[in-house]
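Q: Before I ask anything, here is the structure I am working with.
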Amino acid sequence: MNPRWLAIGLVAIAAMLTTSRVVADDAPPDFARQVAPILAKYCAGCHNSTDKEGGLVLETFASLSHGGDNGPVVVASETAKSKLLLVLTGKAEPAMPPEGSEPPSTGEIGVLQRWIEAGAIGPANDSPAPSLNVPQIPLTAPARSAVFSAAWSADGKWVALGRYSRVELISAESRLPARTLAGPAGNVTALAFSRDGARLYAAGGEPGLYGEVAVIDCSTDQVVQKLKGHKDSLYAMALSPDGKLLATGSYDQKVLLWDLATGQSVATLEGHSGAVFDLAFAREGRLLASASADRTIKLWDVASRSRLDTLAQPLGEQYTVAFSPDGKVLIAGGADIRIRVWELSATAQEGANPLTVSKFAHQRTILRLAFSPDGATIASAAEDGAVRLFDAATLTERHTLEAQPDWPTAIAFSPDSKQLLVARADGGFRFYALDTGAPLPPPKPELAVLAPRGAQRGATARLRLSGKHLAGELKLELDAAPLATKIVEQDFAGSWAVVEAALPGELQPGDHELNVASAAGKSNVVKLHIDTLPQLVAIEPDDKASLDETALPVGIWGDLQNPGDSDFVRFHAEAGQTIVFELTARSIGSKLNGVLTLTNSAGAVLASNNDYQEGEDPLLAHTFQEAGSYVLRVNDLTQAGTPEHYYRLTIGALPYVTACYPLGVPADRESELELIGWNLAADARAKLPAAKSGELNVPLDAATQRFRKPLRVIVESLPETLEVEPNNQPAEATSLVVPGTANGRIMAATSSASADVDLVRFDSKGGEEWIIETNAARRGSPIDTRVEVLDSEGRPIPRVLLQATRASAINFRGIDAQVADVRVDNWEEMELNEYLYLGGEVARLFRMPQGPDSGFLLYERGGSRVCYFDTSATAHAVADACYIVQPQPPGTPLANNGLPVFSLSYSNDDDGQRQLGRDSRLSFTAPADGQYLVRVSDVRGMGGDRYAYRLTIRRPQPDFHIAIGGANPTIPPGSGRNLTFTADRIDGHDSEVKLEVTGLPPGFAITSPIVIPAGYNTAQASLYVAADSAVPTADNAKASRVTATSIVQGSLVTREVGGLGELKLGGKPSVTVRIEPAEIQLAPGGSVVAKLKIERSGFAGRVELDAENLPHGVIIDNIGLNGVLIPEGQTEREIFLTAREWVGETTRPFHVVTLEPGGEASPPAMLLVRKAAAVARAADAMTPPTQE
35 MNPRWLAIGL VAIAAMLTTS RVVADDAPPD FARQVAPILA KYCAGCHNST DKEGGLVLET
95 FASLSHGGDN GPVVVASETA KSKLLLVLTG KAEPAMPPEG SEPPSTGEIG VLQRWIEAGA
155 IGPANDSPAP SLNVPQIPLT APARSAVFSA AWSADGKWVA LGRYSRVELI SAESRLPART
215 LAGPAGNVTA LAFSRDGARL YAAGGEPGLY GEVAVIDCST DQVVQKLKGH KDSLYAMALS
275 PDGKLLATGS YDQKVLLWDL ATGQSVATLE GHSGAVFDLA FAREGRLLAS ASADRTIKLW
335 DVASRSRLDT LAQPLGEQYT VAFSPDGKVL IAGGADIRIR VWELSATAQE GANPLTVSKF
395 AHQRTILRLA FSPDGATIAS AAEDGAVRLF DAATLTERHT LEAQPDWPTA IAFSPDSKQL
455 LVARADGGFR FYALDTGAPL PPPKPELAVL APRGAQRGAT ARLRLSGKHL AGELKLELDA
515 APLATKIVEQ DFAGSWAVVE AALPGELQPG DHELNVASAA GKSNVVKLHI DTLPQLVAIE
575 PDDKASLDET ALPVGIWGDL QNPGDSDFVR FHAEAGQTIV FELTARSIGS KLNGVLTLTN
635 SAGAVLASNN DYQEGEDPLL AHTFQEAGSY VLRVNDLTQA GTPEHYYRLT IGALPYVTAC
695 YPLGVPADRE SELELIGWNL AADARAKLPA AKSGELNVPL DAATQRFRKP LRVIVESLPE
755 TLEVEPNNQP AEATSLVVPG TANGRIMAAT SSASADVDLV RFDSKGGEEW IIETNAARRG
815 SPIDTRVEVL DSEGRPIPRV LLQATRASAI NFRGIDAQVA DVRVDNWEEM ELNEYLYLGG
875 EVARLFRMPQ GPDSGFLLYE RGGSRVCYFD TSATAHAVAD ACYIVQPQPP GTPLANNGLP
935 VFSLSYSNDD DGQRQLGRDS RLSFTAPADG QYLVRVSDVR GMGGDRYAYR LTIRRPQPDF
995 HIAIGGANPT IPPGSGRNLT FTADRIDGHD SEVKLEVTGL PPGFAITSPI VIPAGYNTAQ
1055 ASLYVAADSA VPTADNAKAS RVTATSIVQG SLVTREVGGL GELKLGGKPS VTVRIEPAEI
1115 QLAPGGSVVA KLKIERSGFA GRVELDAENL PHGVIIDNIG LNGVLIPEGQ TEREIFLTAR
1175 EWVGETTRPF HVVTLEPGGE ASPPAMLLVR KAAAVARAAD AMTPPTQE
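Mapping of the sequence shown onto this note's numbering: residues 35 to 1222, in sequence order.
Right, here's the structure in full:
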C-alpha cells in the first residue's frame, strides 16, 4: 500500500472529528471556507502555479481575479458572464472538469453562483489558510493516533514521535511519554533534532494543498517558525550535518533546500517524476540523496544544486534511503521489497556509483531503513510487520524482531547504537536491544485512575484502568489474590485498558487493594470499594428531562468534569419510605465539595445537604409523604468541576447507623449501646464485652448495616452514670459521684418547650479544685457544648472581676476566633503580658507591634489565640471595643475610674487553651462545702438523638509532654539547623522544663540544657555542625536522646522524650551566619549592639534573618519594614537588642536563622540579662586602659 493513501485516509479521519462551522443560509458564501475548497477539488489540479493551463491559476483569490490567457473568468455579480461558472455547468466550451472526472454537485454549483451574485468578494487577506473539503464519513472503530516518524536526540535523552499534527516526546530513560508538542498541519512524516538539541524540525502539511515544516524551540516547546514552500504535503526531510540547511521533499515531486538562518528557500531541486518519499545527507553534507515514487534514487551536489547521478536499478517505488555514517555507502528500499546497496565514489558522478548488493529482505513493501550511528547495523521495517537487523558490512541478517501488530512506520537508533525504537501505525511503540533483538523489558504498569472506583461483590466488574504501561496481557489482583481477568479493550500505547473480572461473593464490604500485574511486574495499589449493592456509572447526558428512573438500592459513580456541572438521578419512592442518600467524595481524595438537593417531580426542593457534619461529605435521609418520582441533584458548592471532582453516591431505603449512645461505658463489665440512624429496628442495640480502660469498637455488620465510619466508645475506669430525664431544673439534676463521668445528650426542642439542657449535681468541699470537661465533638457528636458551674439553686458562681484600666478598639481589620494578631488603638499605652478583654473573651499580649504595619501578637497555641479564665474565643469586628483589664477576686471593692468592670462566672463554650477543639473545659475551685450543679447545653440551642456528650468532673492532674520540631535534620558542615521544643502542658502545669540532649555524633553540638521557661510553651536551639565534622556513622547518626525534667505538684518528674531522629551531614551551604560577640550583656529597659556576619558561597542576593530563643521581652529593635536583612553584596549588619523593663535576670542562648536562603542557623550566642549596675561593671572591665 502506498503510504500516501494511508496519510490521506488519516487526514480524512481527523477531518471527520472536526466540528463544522454552521453558516447562515442568507449569508454570502465565504471565499476561503466555501469557494476555495471547491476550486481546489475540481480545478487546481490543472490550474495551479506549476501547470498554469491556459495561463489560469486558481489557487488564490488574486490569481482567480487576474484570470487567464483569455481574460477574467469571474465577473462580479454577473453569473452569465462568468466563464468559470459556465464551463463548470457545461454552458460553455470546454466543459470542465474534463470528461471522466467527477463534476461539481448541484450544491457546490449553487455556492459558486451565490458567491458571484453577491459580488465575488474575496478574503480580507489574500493568503487564507488552505482547507480541505473532505466527506464526513462516520467512524466504524475508535480513531488511532498513528506514528509516522521518529527521531532520537543526539544526547540520547529524548525520542520524538510524529503523529497527526503533533509531536510526542518520549523520555528515553523511562520510555514513557513526557509531553506533547504542537506540530505542523497534517501527518508529521519526518522529524530531525538539531545536534545541540535546541531545535526540533517536524515536517507535514495538508495533502493537495501545501507542505510545511514546524520549527520547535525545545526549551519552550513552542513552534517558533513554519517553513512553507511546497504545493503538497511533505513526506521527507533531512537536516544537514552542520545544521545550516534543511532539505524537504514532497508529493509535488520537488526537493527544496532551506537556509535555516533566514528561514528562506534557497534552491529547488527538480527531476523526479513522482513523489519524494525520503531524503538523506551524507556525513560531510556535500551529498543529498532522494528516494522517489518514480522508482529512482537521485544524488545531488548540495553546493551547486545539481544532480550528480540517478540510480535507476529499483523496480518499484522507493520509500526510504540512508547513507552509512562514513558516507561511503548508500542503501535504499521500497515497493520491490529489496534492500539495495551502492558503493559511492569520491565524486559520486553518474556511472561511478556501482550497485553492490540487491537483497530480498521482506515479503511486502519496505517502509524504513536506517544505519546505526556506529555503522555496524542496518535496520529495516516493512509492511509485512517485520523489523530486521542486518550486519552492515555483509547484509547478513542478525535478528528478526518480534512480529509487529501493525505496520512499523518509524524506526530510530539510540546515539550509543544499543537500542532501536520501533513505532507503529496503531500508535504503539517499543524499544529493542540491538545485541539480542529482544524487546527491552517495559516498565511496570502504573495505575492512576480507576473507573468506577467500586464494584459489587459476587458480580463481574467492568473497570476502566488509566495510567501507564497498560498494554499487553494484564491480570488484576485484589488484596494480592489474582482475579480471572478478561481484557475487553486496550490502548496500544498502554495509557488505558478496559477489563472485566469476577469478584468473589464473600468479600467484606469496604475498601480493598487492587493492582495490575503484567509480564514486567506489578503496579502500585489503588483502592477498590466493594459493596453489596449494584454499582453503576453516571453517563451523560443526565439532565432531568432525559432521565429514566433508576432502580433502588444502588451505588452510582460519577464525576463533575466541567465547572457548573450537575448530575441528576431520578427514582421512585413509596409513601412513608425513608431513603438514605450518601455522597462520598472528599473522604476518598476527590476535590468535590458536594451538595445533595432532593426535589419532587415539580422541582420543589424537599431537602438539601452540603456537609453532614463539620467537614464531612453530604449525608441526607428523607421520609416521603407521597409515592412518586423524585430527583436527586449532585453539584459542587462552588460550581467547580474537573475530572478530579469524582464521587460515589449510594441511594436506598437502607439500614444506616450514624451514631451510638452513650459515648462511653464502664470498664470491666459488659455493656449495651443504643444504635442511632435510619431504617433501624426500634430496639436496635449493640452489645459490648467487658474490657479494660481505653477504647472499644462497636460491633456492626457491614453486610446488613451501612455506616460511614466505624464507631468507637471510650472504656473508663471512673464511675459512670447516665443522665435521667427530666433534668432541666435544679431539683431534677442527675447526681454524679466525683470524680466520675456522666453520659447524656441534648434532645431537640419541641414547639412547646425551650431548648434542652442537662443539669448534673455533685458534692465538693470548699477549696477543692476540679477540672470539668466534655468529650463530644472529639467523638463525632454534632453538639457544641457549653458548660456552666452553678450553685445548688442554679445561680451562676462569680469567678473573677476584671477592672478595665485602658480603653481601646480594634482597628484595620476584624479578627475571627483563631487569629492571634490584632491591631488596636492606643497600643503604645499597653504592656506585654497584660490581659486584653474582647467582648467576653480574655486574651493576653505576647509581643508588641513591630512597626507601623504590624499588630500585637497574642499568646497562642497551634496558631490560635489562647483565652484566659476559661473564656472562649469569638469573632470581633473592626471598631469593637476592647480593654486592658486587671483581675480581682469577686467582691473586691473597686474604685470607679470611669471604665467598666466585667464579672466572669464559671462558664466555657470552647476550651480556651485550644486543646479540646469544640469541646468545653473549665477549672473550678469550690468556694465552700456544698452541692454544685453543672449545666450542659448546646451553645446554638440545637439537639437530637446524636447530640451526645460525656461530662467528666475530675481532679487536676498536671503533667507535660514534649514535641520536637525539626527532627531528622540534614545539616551542612559549618552551619546549623533550628530545632523547636514544644511543651504540651496539662491541667495548669506551669513550671520550667529543662531538656538535656545527649548522644550526638562527633562534631555535632547543641547548647544543653534547653530551657522552656515557666509560663511558656516553646524553646528553640541551634544544632550546629563543625566545618570539619565527619559524616555520622550508622551507629551514631540515630543515637541522640532527649530527656525532659520539670516540677509537677512539688516533685521532680523526668520524661524520656526520644531522640532527634537521624542526623545527616549535608553539602556546602550557600550562606553561613554567626553572631558577634559570642556573649552579650543587656540590662532590663536597655539596649545593646551586636553584629550579624555572613559568609557567602555562591549566593549573592539579599539574606533575610530572624532571631530565635530570645527571652520574652527582648527583641531586635531595628528590623525595618522587611525584617532583618543583609543586602546584596554585603556581609554584615548591626542589630539592637532591647529589653523591656520587666525582663528578669536570665542567661539564655539564642541564635539567628536565614529565612532566604532558608534554613541555615548560626552557632548560639549567650545573652546575659543583668541589672544595669552589673552590665555597667562588665562594660568597664572590657574598656581598654587610656594611653598616656
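All C-beta atoms, glycine included, are put in the ideal place defined by N, C-alpha and C.
Kindly confirm or deny that the stretch 839-854 and the stretch 969-985 touch, where touching means at least three C-beta pairs closer than 8 Å.
A: no
Q: DSSP on Ile573, reduced to helix/strand/coil?
A: coil
Q: Report the three-state DSSP secondary structure of Leu118 (helix, strand or coil).
A: Look at Leu118 here: in three-state DSSP terms it is helix.
Q: Mind checking His396: buried by the 16 CB within 10 Å criterion, or exposed?
A: buried
Q: How should Lys1205 be labelled, buried or exposed, when 16 other C-beta atoms within 10 angstroms of its C-beta is the threshold for buried?
A: exposed
Q: Kindly indicate the opening and closing residues of the beta strand (DSSP E) around Gly1010.
A: In the DSSP annotation of this structure, the continuous segment of the beta strand (DSSP E) that includes Gly1010 starts and ends at 1010-1020.
Q: Quick one, which of Gln298, Glu384, Lys743 has its alpha-carbon nearest Tyr690's?
A: Lys743
Q: Near His995, what residues of its chain come up, given a Cβ to Cβ distance below 8 Å and the 5 sequence neighbours on each side ignored?
A: Ala1017, Asp1018, Ile1020, Arg1089
Q: According to the Cβ coordinates, are Ala843 and Ala915 closer than 7 Å?
A: yes
Q: Would you say Glu1175 touches the ligand ATP, meaning its beta carbon is less than 6 Å from a heavy atom?
A: The ligand ATP is not among the ligands present in this structure, which contains no ligands whatsoever.
Q: Should Lys520 be labelled buried (16 or more other beta-carbon atoms within 10 Å of its own) or exposed?
A: exposed
Q: Are there three or more Cβ pairs, one per stretch, closer than 8 Å when the stretch 692-703 is compared with the stretch 622-642?
A: no
Q: Return the Cβ separation of Asp944 and Ala907 in integer angstroms, given the expectation that the two are a contact with Cβ distance under 8 Å.
A: Right, the Cβ-Cβ distance comes to about 7 Å (below 8 Å), so this counts as a contact.
Q: Less than 7 Å between the C-beta atoms of Asp1140 and Val1065, yes or no?
A: no
Q: Counting Cβ pairs closer than 8 Å, one from the stretch 1189-1196 and one from the stretch 998-1012, do we hit at least three?
A: yes
Q: Could you check if Gly367 is buried or exposed, using at least 16 other CB atoms within 10 Å of its CB as the buried criterion?
A: buried
Q: Suppose contacts are defined by Cβ-Cβ distances below 7 Å. Is Gly610 in contact with Ala619 by that definition?
A: Contact flag unset, no.
Q: Please state the DSSP three-state secondary structure of His1146.
A: coil
Q: Look up Ala585 in the DSSP assignment and say whether it is helix, strand or coil.
A: In the three-state reduction of the DSSP assignment, Ala585 falls in the coil class.
Q: Any idea if Thr411 is buried or exposed, counting beta-carbon neighbours within 10 angstroms, 16 or more meaning buried?
A: buried
Q: Can you look up Ile331 in the DSSP assignment and give me helix, strand or coil?
A: strand
Q: What's the call for Phe33, buried or exposed, on a 16-neighbour Cβ count within 10 Å?
A: Here the chain covers residues 35 to 1222 and nothing more, so residue 33 does not appear.
Q: Over what stretch of residues does the beta strand (DSSP E) that includes Phe615 continue unbroken?
A: Where Phe615 is concerned, the enclosing beta strand (DSSP E) stretches over 612-618.
Q: Grab me the residues of Ala444's own chain with a C-beta within less than 6 Å of its C-beta, minus the 5 sequence neighbours each way, in chain order.
A: Val181, Ser183, Ala184, Ala457
Q: Comparing the C-beta of Ile613 with each C-beta of chain C, is any distance below 7 Å?
A: No chain C appears in the structure shown, which is made up of a single protein chain.
Q: Label Trp334 either buried or exposed according to how many other C-beta atoms from any shown protein chain fall within 10 Å of its C-beta, with 16 as the threshold for buried.
A: buried
Q: Considering only residues of the stretch 487-569, which uninterrupted beta strand (DSSP E) runs meet the minimum length of 3 residues and lie entirely inside it, listed in chain order?
A: Taking only runs of at least 3 residues, the beta strand (DSSP E) segments lying wholly in the stretch 487-569 are 488-490, 494-502, 509-512, 519-524, 530-536, 544-552, 560-565.
Q: Based on DSSP bridge pairs, tell me the residues matched to Trp186.
A: Val193
Q: In the DSSP output, what is Pro473 paired with across the bridge?
A: Tyr466
Q: Measuring alpha carbon to alpha carbon, tell me which residue in Arg813, Pro157, Ala281, Thr959 is nearest Asp825.
A: Considering only alpha carbons, the answer is Thr959.
Q: Going by DSSP, what residues sit across from Met1200 in a beta bridge?
A: DSSP lists Glu1113, Pro1183 as partners of Met1200.
Q: Thinking just about the alpha-carbon of each residue, which of Asp469, Ser888, Ala154, Ser179 is nearest to the one in Asp440?
A: Ser179
Q: Find out if the Cβ-Cβ distance for the pair Ser338, His306 is shorter than 7 Å.
A: Judged by beta-carbon spacing, His306 lies beyond the 7 Å limit of Ser338, meaning their Cβ atoms are not closer than that value.
Q: Roughly how far, in whole angstroms, is the beta-carbon of Val300 from the beta-carbon of Leu294, given that I think they are within contact range, below 8 Å?
A: That belief does not hold up - the Cβ atoms of Val300 and Leu294 are roughly 10 Å apart, past 8 Å.
Q: Looking only at DSSP bridge pairs, what is Thr77 linked to?
A: This sequence places Cys at residue 77; Thr is not what is there. Answer by DSSP bridge pairing: none, since Cys77 is not bridged.
Q: Do you know how far the Cα of Val973 is from the Cα of Asp904?
A: Near 15 Å, if we compare the C-alpha coordinates of Val973 and Asp904.
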